[in-house]
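Colleague: I'd like to ask some things about the structure below.
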Amino acid sequence: MHSMTGYGEGRESSKEADLHVEISTVNHRFLEIEVKSSEPIPFAWEKKIRQLVRGKIKRGKVSLNVEAKWKPPFLSEVVINRELVTSYKNALSGLCQNLGLNDRVTLSHLLALPGVISPPRKPQIKKNLETMLEKALTKALNNVLKMRGKEGKEHLQSILRYLKRIRKRLSDLEEEIPTVQNLYQKKIKENLKNLLALGEDREKVARELSFLISRGDISEEKLRFQSHLRELQTTLQQKESVGKKIRFILQELHREINTMGAKANSFIISRLVVQIKEDLERIREEVQNIE
28 MHSMTGYGEG RESSKEADLH VEISTVNHRF LEIEVKSSEP IPFAWEKKIR
78 QLVRGKIKRG KVSLNVEAKW KPPFLSEVVI NRELVTSYKN ALSGLCQNLG
128 LNDRVTLSHL LALPGVISPP RKPQIKKNLE TMLEKALTKA LNNVLKMRGK
178 EGKEHLQSIL RYLKRIRKRL SDLEEEIPTV QNLYQKKIKE NLKNLLALGE
228 DREKVARELS FLISRGDISE EKLRFQSHLR ELQTTLQQKE SVGKKIRFIL
278 QELHREINTM GAKANSFIIS RLVVQIKEDL ERIREEVQNI E
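For the sequence shown, the residue numbers in my numbering are 28 to 318.
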């Protein structure tokens with residue numbers, strides 16, 4: 028089981044550059060991958076990056092950043108256009124002379140003019156850096172998976188504690204069922220006597236009797252609830268992405284426990300049902316961050 032929250036870094040160096048890959052992941056209904064780079068990277072490389080991420084992460088929003096720092100002599104130097112500077116200087120000096128000004132043309136004036144300085148050009152990532160990038164990405168992914176796995180184990184332990192508590196409360200609920208059934212049988216007999224005493228027709232009596240019997244019987248809901256609990260326990264042990272499946276099982280558990288609460292005419296069972304629903308809600312909150 029893995030959390031959807033994680034962070035990891037990977038670094039690789041060569042004589043040309045230092046590469047740093049940073050990955051962060053957060054909750055998301057689906058898998059969404061965002062790739063940013065300090066340098067332009069070929070489309071084929073970005074496609075491969077996405078394929079590698081999809082191979083390791085199944086759900087969550089993934090933000091991936093690639094940063095390249097170039098080393099001399101691969102980083103070009105600042106270029107000064109000497110011919111343009113000379114042309115500017117002559118033009119400005121001539122202008123001062125024509126206007127009768129005593130101003131001097133200084134270097135700071137010339138450097139501020141457009142086109143005089145060309146900043147260093149960042150070299151594009153070359154083919155021989157592809158392997159380096161892949162290695163840094165693999166390191167970052169492994170670190171992300173470690174963090175997601177660690178948080179996933181913490182979520183699993185919390186869920187197992189809630190499941191243990193649910194089973195205990197379900198056991199207490201089962202112990203209360205015979206008492207509730209006895210009370211309900213007495214109520215059915217009383218209602219039956221009243222209906223017969225009023226001279227109601229047999230069809231109406233049969234309908235009323237059927238309704239009362241079904242109203243107080245929660246055995247089917249209890250069996251289905253236990254079956255869903257076993258399915259949840261099995262799912263929690265699976266290694267693949269299980270978040271969506273667990274949410275579906277929780278919906279079924281909620282449905283059965285709600286029906287039990289509506290049908291059981293008992294304060295004790297109603298209280299246990301509320302407590303079980305609270306634990307199911309706590310599990311649902313944990314599952315929000317499960318891949």
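By construction, the Cβ of each residue, glycine as well, lies at the ideal position given by its N, Cα and C atoms.
Please classify D130: is it buried, with 16 or more other beta-carbons within 10 angstroms of its beta-carbon, or exposed?
Modeller: Locating residue 130 in the sequence shown gives position 103, counting from the first residue. Exposed, because fewer than 16 other Cβ atoms sit within 10 Å of the Cβ of D130.
Colleague: State the start and end residues of the unbroken alpha helix (DSSP H) segment that holds V48.
Modeller: For this step, residue 48 is matched to residue 21 along the sequence shown. Premise fails: V48 lies in the beta strand (DSSP E), A44 to V53, not in any alpha helix (DSSP H).
Colleague: Could you name the residues of the same chain whose beta carbon sits closer than 6 Å to that of V48, not counting the 5 residues immediately before and after it, in chain order?
Modeller: On the sequence shown, position 21 is the one that residue 48 refers to. These residues qualify, in order along the chain: G37, V93, A163, L164 and A167.
Colleague: Just confirm the distance between the C-beta atoms of L277 and F252, as a whole number of angstroms; I'd bet it's less than 8 Å.
Modeller: Position 250 of the sequence shown, counting from 1, holds the residue named residue 277. Position 225 of the sequence shown, counting from 1, holds the residue named residue 252. That pair is no contact at about 12 Å.
Colleague: By a C-beta neighbour count over all protein chains shown, 10 Å radius and 16 as the cutoff for buried, is L200 buried or exposed?
Modeller: One-based indexing of the sequence shown puts residue 200 at position 173. Looking at its Cβ environment, which holds 16 or more other Cβ atoms inside 10 Å, L200 is buried.
Colleague: Report the CB separation of R175 from T52 in whole angstroms; it is logged as a contact under 8 Å.
Modeller: Locating residue 175 in the sequence shown gives position 148, where the first residue counts as 1. Locating residue 52 in the sequence shown gives position 25, where the first residue counts as 1. Their Cβ separation, rounded to whole angstroms, is 7 Å, which keeps R175 and T52 in contact under 8 Å.
Colleague: Counting only the same chain and skipping the five closest in sequence on each side, list residues whose C-beta sits under 8 Å from that of E258.
Modeller: Looking up residue 258 in the sequence shown gives position 231. Answer for E258: I276, listed in chain order.
Colleague: Comparing the C-beta of S297 with each C-beta of chain C, is any distance below 8 Å?
Modeller: Among the chains of the structure shown, chain C does not appear; only one protein chain is present.
Colleague: In chain order, what residues of the same chain have a beta carbon less than 7 Å from the beta carbon of R196, not counting five sequence neighbours either side?
Modeller: Position 169 of the sequence shown, counting from 1, holds the residue named residue 196. Around R196: L299, Q302 and I303.
Colleague: For S246 versus E318, is the C-beta spacing smaller than 8 Å?
Modeller: Indexing the sequence shown from 1 puts residue 246 at position 219. Indexing the sequence shown from 1 puts residue 318 at position 291. Against a cut-off of 8 Å, the Cβ pair of E318 and S246 comes out as no contact.
Colleague: Mind checking which residues open and close the beta strand (DSSP E) that includes G62?
Modeller: Residue numbering aside, residue 62 sits at position 35 when the sequence shown is read from its first letter. At residue 62 the sequence reads Val, which differs from the Gly that was named. Counting along the chain, the beta strand (DSSP E) containing V62 begins and ends at L58 to S64.
Colleague: Can you give the Cα-Cα distance for H136 and P99, rounded to whole angstroms?
Modeller: Here residue 136 is taken as the residue at index 109 of the sequence shown, counted from 1. Here residue 99 is taken as the residue at index 72 of the sequence shown, counted from 1. The straight-line gap from Cα to Cα measures roughly 30 Å.
Colleague: With the cut-off set at 8 Å, would you say R319 and I60 are in Cβ contact?
Modeller: Outside the displayed span of the chain (28 to 318) sits residue 319, for which this structure offers no information.
Colleague: With V89 as the anchor, note down where its beta strand (DSSP E) starts and where it stops.
Modeller: Numbered from 1 along the sequence shown, position 62 holds the residue referred to as residue 89. G87 to W97 is the span of the beta strand (DSSP E), which, as asked, contains V89.
Colleague: Between which two residues does the beta strand (DSSP E) harbouring R257 extend?
Modeller: Along the sequence shown, read from residue 1 onward, the residue named residue 257 stands at position 230. Run containing R257: none in the beta strand (DSSP E); it sits in the alpha helix (DSSP H), S246 to L263.
Colleague: Rounded to whole angstroms, what's the CA-CA distance from V143 to Y34? Just pull it up for me.
Modeller: Taking the first residue of the sequence shown as position 1, residue 143 is located at position 116. Taking the first residue of the sequence shown as position 1, residue 34 is located at position 7. The alpha-carbon atoms of V143 and Y34 are separated by roughly 44 Å.
Colleague: Throw me the rounded Cβ distance for the L160 and L307 pair, which I believe falls under 8 Å.
Modeller: For this step, residue 160 is matched to residue 133 along the sequence shown. For this step, residue 307 is matched to residue 280 along the sequence shown. Not a contact, Cβ separation roughly 45 Å.
Colleague: What are the complete alpha helix (DSSP H) segments, minimum 4 residues, inside the stretch 114-145?
Modeller: As far as the stretch 114-145 is concerned, its whole alpha helix (DSSP H) runs of at least 4 residues are 134-138.
Colleague: For V269, name the three-state secondary structure that DSSP assigns.
Modeller: As a first step, residue 269 is located in the sequence shown; it is residue number 242 there, counting from the start. Coil, per DSSP.
Colleague: Taking the C-alpha atoms as reference points, what is the distance between N292 and R274?
Modeller: Translated into the one-based positions of the sequence shown, residue 292 becomes position 265. Translated into the one-based positions of the sequence shown, residue 274 becomes position 247. Their Cα atoms are separated by approximately 29 Å.
Colleague: DSSP three-state label for E178, please.
Modeller: Locating residue 178 in the sequence shown gives position 151, where the first residue counts as 1. Helix at E178.
Colleague: Specify the secondary structure class of I107 as computed by DSSP and reduced to three states.
Modeller: Position 80 of the sequence shown, counting from 1, holds the residue named residue 107. Here I107 sits in strand by DSSP.
Colleague: Considering only residues of the same chain and omitting the five flanking positions on each side of H55, which have a CB-CB separation below 6 Å?
Modeller: Within the sequence shown, the letter at position 28 stands for residue 55. Here the set comprises G87 and K88.
Colleague: Short of 7 Å in beta carbon distance, which residues of its chain neighbour E313, apart from the five on each side in sequence? Order them along the chain.
Modeller: Counting from one through the sequence shown, the residue named residue 313 turns up at place 286. The residues are H182, S185 and I186.
Colleague: What do you reckon, are the CB atoms on E283 and E305 nearer than 8 Å?
Modeller: Reading the sequence shown from its first residue, position 256 is the one you call residue 283. Reading the sequence shown from its first residue, position 278 is the one you call residue 305. For E283 and E305, no; Cβs fall outside 8 Å.
Colleague: Could you tell me which residues DSSP puts in a beta bridge with I317?
Modeller: Counting from 1 along the sequence shown, the entry for residue 317 is found at position 290. In the DSSP output, where bridge partners are listed per residue, I317 has S30.
Colleague: Taking the alpha carbon of E203 as the reference point, which residue from G270, S120, S297 and K272 has its own alpha carbon closest?
Modeller: Sequence index remark: in the sequence shown, residue 203 carries index 176 (1-based). The candidate whose alpha carbon is nearest that of E203 is S297.
Colleague: State buried or exposed for V106, treating a residue as buried only when at least 16 other CB atoms are found within 10 Å of its CB.
Modeller: By one-based count along the sequence shown, residue 106 stands at place 79. Label assigned to V106: exposed.
Colleague: Rounded C-beta distance between V132 and L119? I'm assuming under 8 Å.
Modeller: By 1-based counting over the sequence shown, the position of residue 132 is 105. By 1-based counting over the sequence shown, the position of residue 119 is 92. Yes, they are in contact, since the Cβ atoms of V132 and L119 sit about 5 Å apart, within 8 Å.
Colleague: Give the secondary structure of S40 by DSSP, where H, G and I count as helix, E and B as strand, and everything else as coil.
Modeller: Taking the first residue of the sequence shown as position 1, residue 40 is located at position 13. DSSP places S40 in strand when its eight states are reduced to three.
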